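Visitor: Chains as they are written, first to last, in full-length UniProt numbering: chain S, 1 to 334; chain X, 1 to 334.
Think of the CB as a built atom: it goes at the ideal place given N, C-alpha and C, for glycine as much as any other residue.
Note that the coordinates shown come from a computational prediction; the quantities given were computed from them, not determined experimentally.
So that we are looking at the same thing, I have put the structure below in structure tokens.
2 protein chains.
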Amino acid sequence: MSDTPSISPKSLTMQDVADAAGVSPMTVSNCFRYPERVREKTRMAVMKIAADLGYVPNLSAGTLAAGSSRVIGAVLPSMRNSSFYNYNSGLRQAAAARGLELITMIAETPEEELSAVQTLLGLRVAGVALVAGPHEPGLSQLLALAGVPVVESWAGEDAIGRGVCYDVGAASRALTRHLIAQGRRRIGFVEVTGGGGQRYAMRLPAFRQEMFAAGLSDSLVLTVRAADGFASGATILDSFLALEPNLDAILCPTDVVAAGALFECQRRGLAVPGDIAVAGWGDYDIGRQVSPMLTTVRPFSDEIGKGAIEVLTGDHEGSGAVATPFALQLRESA
Amino acid sequence: MSDTPSISPKSLTMQDVADAAGVSPMTVSNCFRYPERVREKTRMAVMKIAADLGYVPNLSAGTLAAGSSRVIGAVLPSMRNSSFYNYNSGLRQAAAARGLELITMIAETPEEELSAVQTLLGLRVAGVALVAGPHEPGLSQLLALAGVPVVESWAGEDAIGRGVCYDVGAASRALTRHLIAQGRRRIGFVEVTGGGGQRYAMRLPAFRQEMFAAGLSDSLVLTVRAADGFASGATILDSFLALEPNLDAILCPTDVVAAGALFECQRRGLAVPGDIAVAGWGDYDIGRQVSPMLTTVRPFSDEIGKGAIEVLTGDHEGSGAVATPFALQLRESA
DNA sequence: TAGATATGCACACCTTCACAT
DNA sequence: AATGTGAAGGTGTGCATATCT
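In structure tokens, the structure reads:
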């Protein structure tokens, strides 16, 4: 068979390190776990020997003995876009600042998510960070029974565990008001229902609210199952123009879609923002690279990650959902 | 609201499930671990009770007892671009197909990578999947001492553990030959030295080899520390044109850089591919969205992930680096 | 008798806690 | 006081054995 992956006969234990250093196993444990409990000199000697031997404490044994671990588990639906990537970075940095490690599992379907959570619970992680979206029915109860701290990012009051998110409705209202203040009247809004669309469920009611407040019709709503990629931006613009040839603004679900719509405008000879304002969402790189640059909503996703860790570690007083900041990023396109 | 993150006093153990089901703990263990060893009827009953109770086997205890786990750990330098994302997907799918779980840790610096590997070794994972790049000095020895299967993706013969990658040199030669065959003569090549540049170290020698074979000068090499984002594409094009106003092709390190160069060509009124051929690398989404669409190298990164899992599980005979496929993606820009 | 199915025991390695120096 | 130690678990698995049909 395979000659290579032959496991080292007997793995190194704390006892081995203790013997080599001439101290008790407990002292070795303290060196790793509570360095301040061991005199500097002893600690240095022990750590040196541990490093030379290539000893790495067995986290499984540690977790079993202590009944808890120093690892946080995150489950993400994807990492394709910069929001989730930044979210993960925020989680990682905030975790590191507290001496916790972050492990991430990608789960593209609710079933995969459930399975990932089971693995994480099996590992007895110190906390689980979820992202709002469609979940498997048993998920919530499973987590409740496990009694592990949970956060659901991009979720609000109805979250599993506690929600952490910026105020999507407020962002949507601000963006809508901005367009109205520019004199836009026939504003197209794209609603996404599939996949992660529910993370942005508050966008449409908020949009309608502002349109209504301004005495405007809100009938220009296009509902799609999914919208990703530049191509869907073009398709969406087509549909809107067929619906309303005098469209003067479009609110896209993401910057990528907005960029696609923008390209399509340019192909059709429609001036942006002259004829049509195009607004994106998410502050992706692409928004700064196209011309005109996209007006968008900046979610500070790393702050969502930071907030999530604060909740998991109990550093966040109160009990309601945690609100993180957002900003309207006004650029050229709207 | 929350009846809350108060840790459940005593966690559920196999014994609890066994008691409730009227079987021995060992039977419960077998139900989870080796379902085929338990009679269907018994197993169904046990699993039902386990599910009702919300029991999740303690992986820490299991790993400790068994001396090994069913979890593979991956450490990635980033997940910003689709290559690493696809790689991670490939790892995940191939792992799932073998009943293994994948946990991912992002490490943006060599120190973070070392720390991530220590966590993974502490978890006693069944295998470690690394990505080539600058590593901390002690990393290789640490892994060797741990005796855990290791793969280094995007690496060749000099890999930590075993390398898995497509033939970057061959891809570079193929792309260069393609340009030469088109009649391109003054070809600019961008070499990246910093960060992950070493994953593509074979590109330049391969380029030079083909240029030499065609009797062409290869002096148009621009060496940069880093190149990412559209902006660097513009900068790079500027530099090349200052060097050689009659430049007729440019080989960019990524599709994103190529797109930036393409945009800059258009700003300057240079026709692509008429005046200048622009080639990218990596087959990112953007390459299909710009006009003209980018000619590029398609790495099939998910295959790298699949190959990595095969190596880790010993499913790959032989001992040298594992070669995965690549393809020259000929489109409009070159 | 054999084959399938279930069980018991002895650890795996580290940490908490109380105690000793 | 500051530092180091010893004993007692914590939970599940490998293996060998027992039981059932």
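Would you say Glu111/S lies against chain X (beta-carbon separation less than 7 Å)?
Guide: So, not an interface residue.
Visitor: From the DSSP output, read off the bridge partner residues of Glu152/S.
Guide: Answer is Leu130/S and Gly163/S, bridged to Glu152/S.
Visitor: Please list, in chain order, all residues of the same chain as Glu310/X whose beta carbon is under 8 Å from its beta carbon, the five residues on each side excluded.
Guide: Once the five neighbours on either side are set aside, the close Cβ partners of Glu310/X are Ala94, His316 and Val322.
Visitor: Report the start-end ranges of each alpha helix (DSSP H) in the segment 197-229 of chain S that is 4 residues or longer and not cut off at the edges.
Guide: For the segment 197-229 of chain S, whole alpha helix (DSSP H) runs of length 4 or above, ordered along the chain, are 203-213.
Visitor: Could you name the residues of the same chain whose beta carbon sits closer than 7 Å to that of Ile49/X, not counting the 5 residues immediately before and after it, in chain order?
Guide: So the qualifying residues of the chain are Val17, Ala20 and Ala21.
Visitor: Is there a C-beta anywhere in chain S that falls below 7 Å from the one on Phe230/X?
Guide: So yes, Phe230/X belongs to the interface.
Visitor: Let me make sure I understand the geometry here. Which of Pro149/X, Asp248/X and Gln118/X has the alpha-carbon closest to that of Thr180/X?
Guide: Just to set this straight, residue 180/X is Ile in the shown sequence, not Thr. Nearest option by C-alpha distance: Asp248/X.
Visitor: Buried or exposed for Gln289/X, please, with buried defined as at least 16 other CB atoms from any protein chain shown within 10 angstroms of its CB.
Guide: Per the 10 Å Cβ criterion, buried.
Visitor: Determine which residues of the segment 37-66 of chain X have a Cβ less than 7 Å from any Cβ of chain S, and write them out in chain order.
Guide: Taking 7 Å as the Cβ-Cβ cut-off against chain S, the residues of the segment 37-66 of chain X that qualify are Gly54, Val56, Pro57, Asn58, Leu59, Ser60, Ala61, Thr63 and Leu64.
Visitor: For Ala116/S, which residues in the same chain have their Cβ closer than 7 Å to its Cβ, ignoring the five residues on either side in sequence?
Guide: Only Val75, Met105 and Ala107 meet the Cβ criterion.
Visitor: Ordered along the chain, which non-local residues of its own chain (more than five positions away) have a Cβ less than 7 Å from that of Pro77/S?
Guide: Closer than 7 Å at Cβ, skipping near neighbours: Ala107, Glu108, Val131, Gly133 and Gly196.
Visitor: What does DSSP give as the partner residues of Gly188/S in its beta bridges?
Guide: According to DSSP, Gly188/S bridges with Ile250/S.
Visitor: Of all Cβ atoms in chain X, is any one closer than 7 Å to the Cβ of Arg124/S?
Guide: Yes, its Cβ sits closer than 7 Å to a Cβ of chain X.
Visitor: Might you give, ordered along the chain, the residues of its own chain that have their beta carbon closer than 8 Å to the beta carbon of Gln15/S, omitting 5 neighbours on each side?
Guide: Pro25, listed in sequence order.
Visitor: For Met105/X, go through chain S and note every residue whose CB falls closer than 9 Å to its CB, in chain order.
Guide: Within 9 Å Cβ-Cβ: Arg92, Glu101, Leu102, Ile103 and Thr104.
Visitor: Name the chain S residues whose beta carbon is nearer than 7 Å to that of residue 411/X?
Guide: Nothing in the structure corresponds to residue 411/X, since chain X is present only between 1 and 334.
Visitor: Just curious, the beta strand (DSSP E) that Leu143/S is in, first and last residue?
Guide: First-last for Leu143/S: Leu139 to Ala146, but that is the alpha helix (DSSP H), not the beta strand (DSSP E).
Visitor: Among Ser83/S, Ile103/S, Glu112/S and Thr119/S, which has the Cα closest to the Cα of Glu113/X?
Guide: Checking every option, the nearest Cα to that of Glu113/X belongs to Ile103/S.
Visitor: Alpha carbon to alpha carbon, how far is Ala170/X from Ile236/S?
Guide: Each residue's alpha carbon lies about 41 Å from the other.
Visitor: Have a look at the DSSP bridge pairing and note the partners of Ile72/X.
Guide: Bridge partners of Ile72/X: Leu102/X and Gly127/X.
Visitor: Taking Cβ-Cβ distances below 7 Å as the criterion, which residues of the segment 129-160 of chain X are in contact with chain S?
Guide: Taking 7 Å as the Cβ-Cβ cut-off against chain S, the residues of the segment 129-160 of chain X that qualify are Gln141, Leu142, Leu145, Ala146, Gly147 and Pro149.
Visitor: Within this structure, are the beta carbons of Gly194/X and Gly233/X separated by less than 7 Å?
Guide: No, these two residues do not count as a Cβ contact at 7 Å.
Visitor: Under a CB-based cut-off of 7 Å, is Ile7/X close to chain S?
Guide: Here the model assigns Ile7/X a pLDDT of 38, short of 50, so the residue's position is not dependable and the matter cannot be decided.
Visitor: Cβ atoms of Val256/S and Cys265/S: under 7 Å apart, would you say?
Guide: No, Cβ-Cβ distance for Cys265/S and Val256/S is not below 7 Å.
Visitor: Where does Thr296/S sit, in a helix, a strand or coil, going by DSSP?
Guide: Thr296/S: strand per DSSP, three-state reduction.
Visitor: When Cβ atoms are compared, which residues of the segment 321-332 of chain S fall closer than 9 Å to chain X?
Guide: Here the close residues number zero.
Visitor: Give the single residue among Ser11/X, Thr13/X, Ala334/X and Leu12/X whose Cα lies nearest to the Cα of Thr176/X.
Guide: The shortest C-alpha separation from Thr176/X is found at Ala334/X.
Visitor: From which residue to which residue does the beta strand (DSSP E) around Ala96/X run?
Guide: No beta strand (DSSP E) holds Ala96/X; the alpha helix (DSSP H) holding it covers Ser82 to Ala97.
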